[in-house]
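Chemist: Line by line, the protein sequences are chains A and B.
Heads up, the first sequence is in our numbering, so the first residue is 91 and it goes up one at a time.
Heads up, the second sequence is in our numbering, so the first residue is 240 and it goes up one at a time.
Okay, here's the structure, questions in a sec.
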Amino acid sequence: MANAIEIRALHKSFGRTRALDGLDLTVRTGEVHAFLGPNGAGKTTTIRILLGLLRKDTGEASLLGGDPWHDAVSLHRRLAYVPGDVTLWPGLTGGEIIDLLGRLRGGLDPKRAQALIERFALDPAKKARAYSRGNRQKVALIAALASDAELLLLDEPTSGLDPLMEATFRECITDERQAGRTVLLSSHILAEAEALSDRVTIIRGGRAVETGTLAQMRHLTRNLIDAELAAPVSLDGVAGVHDLAVEGTHLRCEVDRDALTEVLARLTAAGVRSLVCRPPTLEELFLRHYSAERAVAGGHG
Amino acid sequence: MTAEARVGGPGTGPSGTGAFRAGASGTGAFRAGLAGTGELARLAFRRDRIALPAGVYVITALVAGTAYTFRKLYPTAAGRAALAAAGGTNPALRFLYGRIDGSSLGSLTAWRYGMWAGIFAALMAIFIVIRHTRSDEEAGRLELVGSAAVGRQAALAAGMLAAAAASIAVAVLLSIALPLVHLPVAGSVALALSIGCCGLAFTGIAAVAAQLTSSARAARGIALGALGVAFVLRGVGDAAGAAGPAWLSWTSPLGWVQFSRPFAGERWWVLALPLAVFAAGSALAFALAARRDLDAGLLPDRPGRATASSLLHGPFGLAWRLQRGALLGWAVGYAFTFAASGAAAQGVGQLLGTSSALERAITRLGGQAAITNAYLAAIMQLAGLVAAAYAVSVILRLRTEETGDRAEPVLATATGRVRWALSHIAVAVAGAALLLAVAGVAAGLAYGLRAGSAGSQVVTMLGAALGQLPSVLVLAAVAVAFFGFWPGASVAGAWAAVGLVVALALFGQVLQLSHWVIDVSPFTHAPRLPGGTVSAAPLLWLGLVAVACTAAGLAALRRRDVG
């Protein structure tokens with residue numbers, strides 16, 4: 091089984107709202123796959139279809155070689171899930187919930203659960219109603235990580251964690267990958283995806299807009315240039331220069347790869363005092379996918 | 240509002256600092272603590288705009304309706320005197336309803352529903368206060384509200400305002416309604432104020448309870464526990480009569496409702512007692528609210544187990560764990576209520592001899608047999624109707640789990656939907672059976688001990704109670720069907736079904752509805768025991784309907800979206 095998750099042209103509507111509009115997603119076995127998109131892009135809907143909680147309208151979805159709707163129970167023995175907004179039973183303690191979820195899944199390793207409780211510094215004897223959001227998230231994470239699942243479905247798992255716990259979480263995911271598990275990590279924290287993931291799928295409006303490794307995606311993108319020059323320079327008429335901003339001798343712009351040689355030649359001709367030229371961060375990539383959407387929406391409005 | 244709001248807000252420049260410093264002493268601090276109360280009270284009234292008027296209406300209609308019915312049932316002074324004598328001498332009835340002062344229509348009304356209206360007013364006050372204080376705090380809503388220019392005690396003040404308004408509305412409406420059914424004005428006002436003041440006393444008690452624990456459930460439990468203690472103290476004091484510890488009734492706010500003696504030489508000063516409780520409770524609650532941290536209670540949270548016990552295993556273990564506390568509470572309530580009702584059966588013949596109209600009504604309700612059997616059959620039907628409400632509330636927990644996103648982590652494990660739903664259905668079936676058994680045994684034991692035939696009565700009444708089970712299960716199955724087919728409408732739909740069945744049981748024959756309308760209710764087909772005959776066919780049909788509805792609901796659940 092080469093692919094843990096295969097989704098083709100998946101559609102799902104809630105009344106008139108189109109949550110998924112022809113989504114494609116492939117997660118290879120053994121990889122950490124980041125699933126990026128803003129709130130309302132369809133990430134949670136996708137995961138819920140994969141869990142067999144929602145029924146797809148059209149399209150194909152397969153999970154660990156099975157049908158997520160019909161084989162839900164047998165597939166669920168092989169996966170673990172952390173919801174984005176963790177709500178727990180207020181009268182049960184964290185320790186009880188970890189054990190319960192593990193037993194419902196078909197057993198968990200108590201030693202491993204204990205080690206994770208210590209690693210995440212959770213007080214398991216506290217009632218869930220007394221937990222903060224971050225602590226509730228830790229309960230769900232520990233329950234998932236302590237299982238023997240082949241596949242982890244994590245829906246924005248760190249949105250309530252502090253930076254220290256986020257670092258712990260990253261270590262855990264790195265360990266999981268070395269142990270050969272597949273991880274689908276939905277997120278809008280881009281640094282997390284950048285640090286952890288092998289491949290990335292960006293989803294917007296219920297549709298995948300880009301998918302690939304980070305290297306491949308950078309290959310498609312522009313470079314950012316921020317330069318302080320000896321004399322003003324004009325880049326007018328150079329193809330492949332975008333968002334140009336010139337204030338006296340200070341220049342900022344985005345440049346397509348093909349135009350880079352030409353632009354740098356003009357800058358050095360004017361005399362360079364300082365120069366920063368770097369690939370965009372994932373944040374900037376993301377923003378661009380979004381601003382495109384906003385421009386379209388604005389055009390209609 | 241804006242001027243008030245600025246008082247508590249730091250960082251509004253020199254004037255803000257001045258106001259803040261002034262706020263540190265006396266009335267200034269109190270005013271700062273109350274900033275925003277008006278807005279929060281408006282919000283509370285808006286959120287309760289249906290439940291609060293409904294509660295006020297039910298209590299008013301209950302008391303005024305009783306007064307109206309008694310006039311029809313007991314038209315003669317001799318009949319009323321006989322009822323008062325019978326009700327006043329039966330200790331079980333005194334435990335249940337309190338003492339009787341006089342035998343006028345007003346006195347009988349105050350005896351039959353005065354104290355119970357006080358209980359309902361207290362319940363309304365407790366639920367309103369906790370809902371707008373500790374529940375909001377536990378859910379984190381007060382954190383958001385408290386970050387605005389809102390004082391530390393504003394939520395408490397708003398919740399108490401809503402509860403006090405409900406109690407005052409009851410008092411005002413009853414003061415108007417009772418004279419309209421031709422009761423004396425002074426007595427009407429005294430009864431109305433006694434009931435309203437009882438609500439106010441428990442407003443104060445609930446306000447303190449809301450400060451004590453960090454969980455709304457526990458706070459509600461403390462306030463309801465206080466109400467239960469008040470009921471038992473008054474009940475024991477009243478049942479004991481002159482020979483026993485009658486003074487116990489004076490220690491209970493529920494006792495005060497009767498000690499103001501409406502319609503029998505009103506003692507107005509007694510009203511000062513519940514008002515004093517209200518004042519003391521408010522003062523204590525406000526003082527506690529000003530000192531404690533947000534989310535904290537005075538009683539510490541007990542830590543729980545760090546690992547799950549072997550009982551908490553699988554969906555059935557989880558359902559049992561989530562529902563067992565409520566079941567225990569229901570079982571205690573059932574034991575208590577039906578023991579008292581059973582004990583009262585011995586005096587029923589005597590009591591009803593005084594009213595031929597009531598006799599006819601009870602006979603009609605319970606069947607053709609002797610009045611005592613008709614009475615016992617009627618209370619067993621009541622046990623069945625209430626058990627149906629319990630079973631439906633257990634089934635609807637499925638919907639609460641689904642909308643609360645707590646079904647999702649369970650269904651994401653190797654737990655199928657049907658098994659998950661069956662876990663709660665199992666609790667509903669077993670819990671309803673347990674409650675009915677408790678009702679039968681308690682009523683049989685209490686009646687049998689007084690009648691001198693405890694052994695045989697327990698067996699008879701247990702059978703009578705369990706005869707209601709198939710009808711109860713039909714309503715539970717209707718709730719499952721709603722949950723499967725129309726989850727969004729399941730709460731309203733399932734409760735509407737319960738309401739319809741209760742209405743048909745209570746009023747169906749009185750309103751002389753056509754037979755096939757009354758036949759809609761499963762309880763129409765339950766055996767009338769003791770006294771009636773049992774035939775297997777209707778019970779089998781009821782069982783079959785229950786199984787069919789459940790199966791259809793589960794099949795629909797398998798097909799629909801969850802969450």
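Cβ atoms here follow ideal geometry from the backbone N, Cα and C, with glycine treated the same way.
1) What residue range is occupied by the uninterrupted beta strand (DSSP E) comprising D534/B?
2) Judging by CA-CA distance, which residue of I365/B, F525/B, V389/B and I664/B is the nearest neighbour of L561/B?
3) Report yes or no: do the region 426 to 436 of chain B and the region 339 to 357 of chain B share at least 3 C-beta pairs separated by less than 8 Å?
4) Between which two residues does the beta strand (DSSP E) carrying R506/B extend?
5) Alpha carbon to alpha carbon, how far is A582/B from V571/B? Give it in angstroms, no decimals.
6) Can you check whether the C-beta of V386/A is within less than 7 Å of a C-beta belonging to chain B?
7) How far does the alpha helix (DSSP H) with N225/A in it reach, from first residue to last?
8) Can you tell me the Cα-Cα spacing of A360/A and P369/A, whole angstroms?
9) DSSP on L395/B, reduced to helix/strand/coil?
10) Excluding the five sequence neighbours on either side, which residues of its own chain have a C-beta within less than 6 Å of the C-beta of A109/A, listed in chain order?
11) If we ignore side chains and look at the alpha-carbon of each, how far apart do V717/B and C788/B end up?
12) Which of the three DSSP states is assigned to E246/A in this structure?
13) If you measure beta-carbon to beta-carbon, which residues of the region 641 to 655 of chain B are closer than 7 Å to chain D?
14) Measuring only between beta-carbons, confirm whether G782/B sits less than 7 Å from chain A.
15) Among L567/B, L412/B and A449/B, which residue has its Cα nearest to the Cα of L395/B?
16) Looking at the unbroken beta strand (DSSP E) that takes in H764/B, where does it start and where does it end?
17) Give the range of the alpha helix (DSSP H) segment to which E641/B is assigned.
18) At a CB distance below 9 Å, what residues from the region 176 to 197 of chain A approach chain B? Give them in sequence order.
19) Quick check on this structure: which residue in A579/B, Y614/B, G520/B and L301/B has the alpha carbon closest to the alpha carbon of A416/B?
20) Grouping DSSP H, G and I as helix and E and B as strand, with all else coil, what is A794/B?
21) Could you tell me the alpha carbon to alpha carbon distance between A660/B and W179/A, rounded to whole angstroms?
22) Classify I289/B: buried if its beta carbon has 16 or more other beta carbons within 10 angstroms, exposed otherwise.
23) What residue ranges within the region 266 to 312 of chain A form continuous beta strand (DSSP E) runs of no fewer than 3 residues, ordered along the chain?
24) For V176/A, which of V784/B, A651/B and F746/B has the nearest alpha-carbon?
25) My output table needs one value for A478/B: the three-state DSSP class, helix, strand or coil.
26) Within 10 angstroms of the Cβ of H371/B, are there 16 or more other Cβ atoms? Answer buried if so, exposed if not.
27) Kindly provide the ranges of any alpha helix (DSSP H) runs that are 4 or more residues long and lie completely inside the region 284 to 313 of chain B, ordered along the chain.
28) Taking Cβ-Cβ distances shorter than 8 Å, what residues in chain A pair up with A561/B?
29) Answer with yes or no whether the minimum CB distance from V163/A to chain B is below 7 Å.
30) For the region 266 to 279 of chain B, list every residue whose C-beta sits within 8 Å of some C-beta in chain A, in sequence order.
31) Using the Cα positions of A446/B and V516/B, report the straight-line distance between them to the nearest angstrom.
32) Hey, could you find the ends of the beta strand (DSSP E) D111/A is sitting in?
33) Interface residues of chain A around T452/B at Cβ under 7 Å?
34) Could I get the ranges of all uninterrupted alpha helix (DSSP H) runs contained in the region 679 to 732 of chain B, with 4 residues as the minimum, in chain order?
35) State the CB to CB distance for the pair T199/A and A236/A, rounded to an integer number of angstroms; the pair is presumed to be in contact (CB under 8 Å).
36) For L341/A, which residues does DSSP report across the bridge?
Modeler: Looking at the coordinates:
1) Unbroken run through D534/B: none, as it is neither H nor E.
2) I664/B
3) Yes, the region 426 to 436 of chain B touches the region 339 to 357 of chain B.
4) From DSSP, R506/B is part of no beta strand (DSSP E); its letter is neither H nor E.
5) 17 Å
6) Confidence is the limiting factor: at V386/A the pLDDT is only 46, short of 50, which leaves the residue's position unreliable and the question unanswerable from this model.
7) R223 to L235
8) 23 Å
9) helix
10) K102, G132, T135 and G296
11) 6 Å
12) Collapsing the DSSP output to three states places E246/A in coil.
13) No chain D is part of this structure, whose protein chains are labelled A and B.
14) no
15) A449/B
16) Note, H764/B: premise wrong, no beta strand (DSSP E); not H, not E.
17) E641/B -> alpha helix (DSSP H) spans I610 to T642.
18) V176, T177, L178, W179, P180, G181, L182, T183, G184, G185, E186, I187, I188, D189, L190, L191, G192, R193, L194, R195 and G196
19) L301/B
20) helix
21) 17 Å
22) exposed
23) 272 to 277, 289 to 294 and 297 to 302
24) A651/B
25) helix
26) Classification of H371/B: buried, given that the 10 Å Cβ count is 16 or more.
27) Counting only runs that start and end inside the region 284 to 313 of chain B, the alpha helix (DSSP H) elements of at least 4 residues fall at 290 to 312.
28) Looking at the sequence itself, residue 561/B is Leu, so the reference to Ala does not match. Result: W179 and G181.
29) yes
30) none
31) 11 Å
32) T107 to R118
33) Those within 7 Å of T452/B in chain A number zero; the least Cβ separation is about 11 Å.
34) If we require 4 residues or more, the alpha helix (DSSP H) runs fully inside the region 679 to 732 of chain B come out as 693 to 705 and 708 to 724.
35) In the sequence as presented, Thr is not what sits at residue 199/A; that position holds Asp. About 6 Å separates the two Cβ atoms, so the contact holds.
36) A317/A and V336/A
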